[in-house]
Amino acid sequence: MTSSRLDAFPRHVRIAPSVLAADFGHLADNVKAAHAAGAHYLHFDVMDAHFVPNLSFGPAVIQSVRQASARVFDVHLMVTEPMRHLELFLGSEGDLFTLHVEACADVPSTLQAFRAAKKRVGLAIKPDTPVEALLPYLPDLDLALVMTVEPGWGGQAFMPAMLEKVRVLRQAIDREDLNVRLQVDGGINAETAVASVLAGADVLVAGSSIFAPGQTVADNMDRLTAALHQAGISLAPVE
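Residue numbers for the sequence shown follow numbering that gives the first Met the number 0, so the first one is 0 and each next one is one higher.
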(Lines of atoms letter the chains of each structure in order from A and count residues from 1; the text may use other names and numbers.)
(Lines give C-alpha, C1' and ligand atoms only; values in the text may rest on other atoms or scores of the structure.)
Protein backbone atom coordinates (compact mmCIF):
# COMPACT_ATOMS: atom_id res chain seq x y z
CA MET A 1 0.00 0.00 0.00
CA THR A 2 1.93 3.00 -1.24
CA SER A 3 1.25 6.65 -0.63
CA SER A 4 0.95 9.36 -3.25
CA ARG A 5 2.79 11.63 -0.79
CA LEU A 6 -0.31 13.78 -0.36
CA ASP A 7 0.26 13.44 3.36
CA ALA A 8 3.68 15.07 3.45
CA PHE A 9 3.67 17.83 6.08
CA PRO A 10 1.60 19.89 6.45
CA ARG A 11 -0.52 16.76 6.60
CA HIS A 12 -4.10 16.59 5.49
CA VAL A 13 -5.70 15.89 8.84
CA ARG A 14 -9.00 14.16 9.52
CA ILE A 15 -11.21 14.72 12.56
CA ALA A 16 -13.17 11.84 14.08
CA PRO A 17 -15.67 12.93 16.75
CA SER A 18 -16.06 10.20 19.37
CA VAL A 19 -19.69 9.21 19.75
CA LEU A 20 -19.03 7.94 23.29
CA ALA A 21 -19.08 11.57 24.46
CA ALA A 22 -22.37 12.40 22.69
CA ASP A 23 -25.77 12.79 24.30
CA PHE A 24 -27.26 9.31 23.88
CA GLY A 25 -30.75 10.72 24.38
CA HIS A 26 -30.24 12.57 21.09
CA LEU A 27 -27.63 10.37 19.47
CA ALA A 28 -28.80 10.63 15.86
CA ASP A 29 -29.05 14.42 16.16
CA ASN A 30 -25.51 14.58 17.57
CA VAL A 31 -24.20 12.44 14.71
CA LYS A 32 -25.99 14.65 12.18
CA ALA A 33 -24.47 17.74 13.82
CA ALA A 34 -20.96 16.28 13.63
CA HIS A 35 -21.54 15.35 9.99
CA ALA A 36 -22.77 18.87 9.17
CA ALA A 37 -19.82 20.43 11.02
CA GLY A 38 -17.32 18.65 8.80
CA ALA A 39 -16.39 15.45 10.61
CA HIS A 40 -14.38 13.11 8.41
CA TYR A 41 -15.06 9.98 10.47
CA LEU A 42 -17.46 9.06 13.26
CA HIS A 43 -15.60 7.15 15.97
CA PHE A 44 -17.42 4.44 17.95
CA ASP A 45 -15.81 3.03 21.10
CA VAL A 46 -17.03 -0.52 21.72
CA MET A 47 -16.10 -1.74 25.22
CA ASP A 48 -16.78 -5.13 26.77
CA ALA A 49 -16.07 -4.49 30.50
CA HIS A 50 -13.32 -7.10 30.22
CA PHE A 51 -10.51 -5.74 28.08
CA VAL A 52 -11.31 -2.33 29.57
CA PRO A 53 -13.33 -1.65 32.74
CA ASN A 54 -16.17 0.19 31.04
CA LEU A 55 -19.15 -1.20 29.09
CA SER A 56 -20.43 0.90 26.20
CA PHE A 57 -22.56 -0.36 23.29
CA GLY A 58 -22.72 -2.93 20.53
CA PRO A 59 -23.42 -3.13 16.80
CA ALA A 60 -27.10 -2.20 17.07
CA VAL A 61 -26.23 1.32 18.23
CA ILE A 62 -23.78 1.80 15.37
CA GLN A 63 -26.30 0.55 12.83
CA SER A 64 -29.06 2.73 14.28
CA VAL A 65 -27.29 5.98 13.36
CA ARG A 66 -26.09 5.04 9.88
CA GLN A 67 -28.99 6.97 8.37
CA ALA A 68 -27.69 10.09 10.15
CA SER A 69 -24.34 10.15 8.33
CA ALA A 70 -22.61 8.65 5.32
CA ARG A 71 -19.15 9.39 6.75
CA VAL A 72 -16.64 6.65 7.56
CA PHE A 73 -17.77 4.76 10.66
CA ASP A 74 -14.56 4.13 12.58
CA VAL A 75 -15.19 1.34 15.10
CA HIS A 76 -12.66 0.98 17.92
CA LEU A 77 -13.05 -2.51 19.37
CA MET A 78 -11.81 -2.42 22.95
CA VAL A 79 -12.78 -6.04 23.46
CA THR A 80 -10.99 -9.26 24.33
CA GLU A 81 -10.50 -11.53 21.30
CA PRO A 82 -12.24 -9.36 18.68
CA MET A 83 -12.39 -12.36 16.33
CA ARG A 84 -15.25 -13.67 18.49
CA HIS A 85 -17.28 -10.57 17.66
CA LEU A 86 -16.61 -10.44 13.93
CA GLU A 87 -19.94 -11.88 12.83
CA LEU A 88 -21.82 -9.57 15.19
CA PHE A 89 -20.25 -6.49 13.66
CA LEU A 90 -20.37 -7.42 9.98
CA GLY A 91 -23.87 -6.01 9.72
CA SER A 92 -23.22 -2.96 11.89
CA GLU A 93 -22.45 -0.55 9.03
CA GLY A 94 -18.89 -0.10 10.34
CA ASP A 95 -16.30 0.72 7.68
CA LEU A 96 -13.04 0.61 9.60
CA PHE A 97 -12.39 -1.66 12.57
CA THR A 98 -9.48 -0.98 14.91
CA LEU A 99 -8.40 -3.83 17.16
CA HIS A 100 -5.99 -3.83 20.08
CA VAL A 101 -2.73 -5.70 19.70
CA GLU A 102 -3.00 -6.59 23.40
CA ALA A 103 -6.45 -8.17 22.89
CA CYS A 104 -5.63 -10.58 20.06
CA ALA A 105 -4.20 -14.06 20.63
CA ASP A 106 -3.22 -14.18 16.95
CA VAL A 107 -2.90 -10.71 15.43
CA PRO A 108 -2.22 -11.73 11.79
CA SER A 109 -5.17 -14.13 11.66
CA THR A 110 -7.49 -11.57 13.24
CA LEU A 111 -6.49 -8.85 10.79
CA GLN A 112 -6.94 -11.27 7.91
CA ALA A 113 -10.42 -12.25 9.10
CA PHE A 114 -11.59 -8.63 9.05
CA ARG A 115 -9.95 -8.09 5.67
CA ALA A 116 -11.65 -11.18 4.28
CA ALA A 117 -14.94 -9.60 5.35
CA LYS A 118 -14.07 -6.58 3.16
CA LYS A 119 -13.46 -4.28 6.13
CA ARG A 120 -10.65 -1.81 6.57
CA VAL A 121 -8.54 -2.61 9.61
CA GLY A 122 -6.51 -0.74 12.19
CA LEU A 123 -4.41 -1.77 15.16
CA ALA A 124 -4.12 0.10 18.46
CA ILE A 125 -1.80 0.13 21.46
CA LYS A 126 -2.45 1.14 25.05
CA PRO A 127 -0.14 3.66 26.77
CA ASP A 128 1.85 0.93 28.52
CA THR A 129 2.46 -1.07 25.33
CA PRO A 130 5.77 -0.45 23.53
CA VAL A 131 5.42 1.06 20.10
CA GLU A 132 7.48 -1.84 18.74
CA ALA A 133 4.39 -4.03 19.17
CA LEU A 134 2.78 -2.22 16.21
CA LEU A 135 5.72 -1.91 13.86
CA PRO A 136 5.66 -5.43 12.31
CA TYR A 137 2.02 -5.06 11.29
CA LEU A 138 2.14 -1.63 9.63
CA PRO A 139 2.19 -2.99 6.04
CA ASP A 140 -1.07 -4.84 6.74
CA LEU A 141 -2.96 -1.88 8.21
CA ASP A 142 -5.13 0.97 7.05
CA LEU A 143 -4.70 2.76 10.37
CA ALA A 144 -2.44 2.70 13.43
CA LEU A 145 -3.81 4.09 16.69
CA VAL A 146 -1.84 5.42 19.64
CA MET A 147 -3.97 5.75 22.77
CA THR A 148 -3.10 9.02 24.49
CA VAL A 149 -5.13 8.11 27.59
CA GLU A 150 -5.86 4.83 29.31
CA PRO A 151 -8.69 3.27 27.30
CA GLY A 152 -12.06 2.80 28.95
CA TRP A 153 -13.29 6.24 29.96
CA GLY A 154 -13.81 9.56 28.22
CA GLY A 155 -12.72 12.93 29.54
CA GLN A 156 -9.20 11.95 30.65
CA ALA A 157 -6.14 14.18 30.41
CA PHE A 158 -3.85 13.81 27.40
CA MET A 159 -0.56 11.96 28.02
CA PRO A 160 2.21 13.95 26.26
CA ALA A 161 4.70 11.09 26.60
CA MET A 162 2.70 9.19 23.97
CA LEU A 163 3.81 11.65 21.29
CA GLU A 164 7.15 9.86 21.03
CA LYS A 165 5.27 6.74 19.89
CA VAL A 166 3.52 8.85 17.27
CA ARG A 167 6.88 10.12 16.03
CA VAL A 168 8.30 6.62 15.78
CA LEU A 169 5.28 5.36 13.86
CA ARG A 170 5.28 8.36 11.53
CA GLN A 171 8.93 7.76 10.71
CA ALA A 172 8.25 4.09 10.00
CA ILE A 173 5.20 4.82 7.85
CA ASP A 174 7.06 7.42 5.80
CA ARG A 175 10.23 5.34 5.55
CA GLU A 176 8.30 2.39 4.12
CA ASP A 177 6.05 4.67 2.03
CA LEU A 178 2.89 3.15 3.48
CA ASN A 179 -0.63 4.49 3.05
CA VAL A 180 -1.48 4.06 6.74
CA ARG A 181 -3.43 6.65 8.71
CA LEU A 182 -1.94 7.50 12.11
CA GLN A 183 -4.60 8.19 14.71
CA VAL A 184 -4.48 9.52 18.27
CA ASP A 185 -7.32 9.05 20.73
CA GLY A 186 -7.75 10.57 24.17
CA GLY A 187 -7.67 14.09 25.59
CA ILE A 188 -7.71 15.75 22.18
CA ASN A 189 -8.55 19.46 22.22
CA ALA A 190 -7.33 22.53 20.33
CA GLU A 191 -3.92 22.46 22.03
CA THR A 192 -3.22 18.73 22.04
CA ALA A 193 -4.52 18.34 18.48
CA VAL A 194 -1.80 20.62 17.17
CA ALA A 195 0.90 18.86 19.22
CA SER A 196 -0.30 15.49 17.93
CA VAL A 197 -0.22 16.54 14.29
CA LEU A 198 3.23 18.08 14.70
CA ALA A 199 4.36 14.69 16.03
CA GLY A 200 2.93 12.96 12.96
CA ALA A 201 -0.73 12.10 13.58
CA ASP A 202 -3.22 12.64 10.78
CA VAL A 203 -6.47 11.42 12.37
CA LEU A 204 -7.68 13.07 15.58
CA VAL A 205 -10.33 11.41 17.74
CA ALA A 206 -12.02 14.07 19.84
CA GLY A 207 -14.88 13.35 22.22
CA SER A 208 -15.44 15.68 25.15
CA SER A 209 -14.06 18.69 23.25
CA ILE A 210 -16.60 18.18 20.43
CA PHE A 211 -19.69 17.04 22.34
CA ALA A 212 -19.24 19.41 25.31
CA PRO A 213 -22.52 20.06 27.17
CA GLY A 214 -23.90 23.55 26.74
CA GLN A 215 -21.99 24.19 23.51
CA THR A 216 -22.85 23.37 19.94
CA VAL A 217 -21.00 20.71 18.00
CA ALA A 218 -20.48 23.22 15.19
CA ASP A 219 -18.83 25.77 17.50
CA ASN A 220 -16.59 23.12 19.04
CA MET A 221 -15.54 21.80 15.64
CA ASP A 222 -14.83 25.36 14.50
CA ARG A 223 -12.63 25.92 17.55
CA LEU A 224 -10.62 22.79 16.84
CA THR A 225 -10.22 23.43 13.13
CA ALA A 226 -9.28 27.08 13.75
CA ALA A 227 -6.43 25.97 16.02
CA LEU A 228 -5.18 23.59 13.34
CA HIS A 229 -5.38 26.21 10.60
CA GLN A 230 -3.59 28.76 12.78
CA ALA A 231 -0.73 26.26 13.11
CA GLY A 232 -0.57 25.90 9.33
CA ILE A 233 -2.19 22.46 9.33
CA SER A 234 -4.48 21.54 6.46
CA LEU A 235 -7.65 19.48 6.78
CA ALA A 236 -8.41 16.73 4.29
CA PRO A 237 -11.44 17.24 2.07
CA VAL A 238 -14.56 15.67 3.54
CA GLU A 239 -15.44 12.59 1.50
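Don't be surprised by glycine CBs; every beta carbon is placed ideally from N, CA and C.
Proximity winner among the options, relative to residue i (alpha-carbon distances)
{"i": "glycine 37", "options": "Asp44, Leu122, Asn29", "result": "Asn29"}
{"i": "alanine 102", "options": "Asn219, Val165, Thr79", "result": "Thr79"}
{"i": "serine 55", "options": "Val196, Asp44, Arg65", "result": "Asp44"}
{"i": "histidine 99", "options": "Arg83, Leu122, Gln155", "result": "Leu122"}
{"i": "proline 58", "options": "Asp94, Ala69, Ala143, Phe50", "result": "Asp94"}
{"i": "alanine 67", "options": "Thr147, Lys31, Phe50", "result": "Lys31"}
{"i": "valine 64", "options": "Ala48, Ile124, Glu92, Val51", "result": "Glu92"}
{"i": "alanine 189", "options": "Arg174, Gly206, Glu175, Ala33", "result": "Gly206"}
Neighbour-count burial assignment, residue i, 16 or more Cβ in a 10 Å radius
{"i": "proline 138", "result": "exposed"}
{"i": "glycine 24", "result": "exposed"}
{"i": "threonine 215", "result": "exposed"}
{"i": "leucine 203", "result": "buried"}
{"i": "proline 115", "result": "With the sequence shown as reference, residue 115 is identified as alanine, and proline is not the correct amino acid for it. With fewer than 16 other Cβ atoms within 10 Å, it is exposed."}
{"i": "proline 129", "result": "exposed"}
{"i": "glycine 231", "result": "exposed"}
{"i": "leucine 87", "result": "exposed"}
{"i": "aspartate 184", "result": "buried"}
Three-state secondary structure (DSSP) of residue i
{"i": "phenylalanine 113", "result": "helix"}
{"i": "threonine 12", "result": "Note on identity: in this sequence residue 12 is valine, with threonine being the wrong assignment. In the structure shown, valine 12 sits in a strand (DSSP, three-state: E or B)."}
{"i": "isoleucine 61", "result": "helix"}
{"i": "leucine 197", "result": "helix"}
{"i": "histidine 25", "result": "helix"}
{"i": "methionine 146", "result": "strand"}
{"i": "methionine 220", "result": "helix"}
{"i": "valine 130", "result": "helix"}
{"i": "threonine 97", "result": "strand"}
{"i": "glutamine 229", "result": "helix"}
{"i": "histidine 39", "result": "coil"}
{"i": "valine 106", "result": "helix"}
Nearest-angstrom Cβ-Cβ length linking residue i and residue j, presumed shorter than 8 Å
{"i": "leucine 168", "j": "leucine 181", "result": "6 Å"}
{"i": "alanine 143", "j": "valine 196", "result": "Contact flag wrong, Cβ pair sits at about 15 Å."}
Straight-line gap, residue i to residue j (C-alpha atoms, nearest Å)
{"i": "proline 212", "j": "valine 71", "result": "24 Å"}
{"i": "histidine 228", "j": "leucine 19", "result": "26 Å"}
{"i": "phenylalanine 210", "j": "alanine 21", "result": "5 Å"}
{"i": "alanine 235", "j": "arginine 13", "result": "6 Å"}
{"i": "valine 237", "j": "alanine 15", "result": "11 Å"}
{"i": "leucine 41", "j": "aspartate 73", "result": "6 Å"}
{"i": "glycine 246", "j": "valine 120", "result": "Here the chain has residues from 0 to 238 only, and residue 246 is not among them."}
{"i": "tyrosine 136", "j": "proline 107", "result": "8 Å"}
{"i": "methionine 46", "j": "leucine 76", "result": "7 Å"}
{"i": "glycine 90", "j": "lysine 118", "result": "11 Å"}
{"i": "methionine 161", "j": "methionine 82", "result": "27 Å"}
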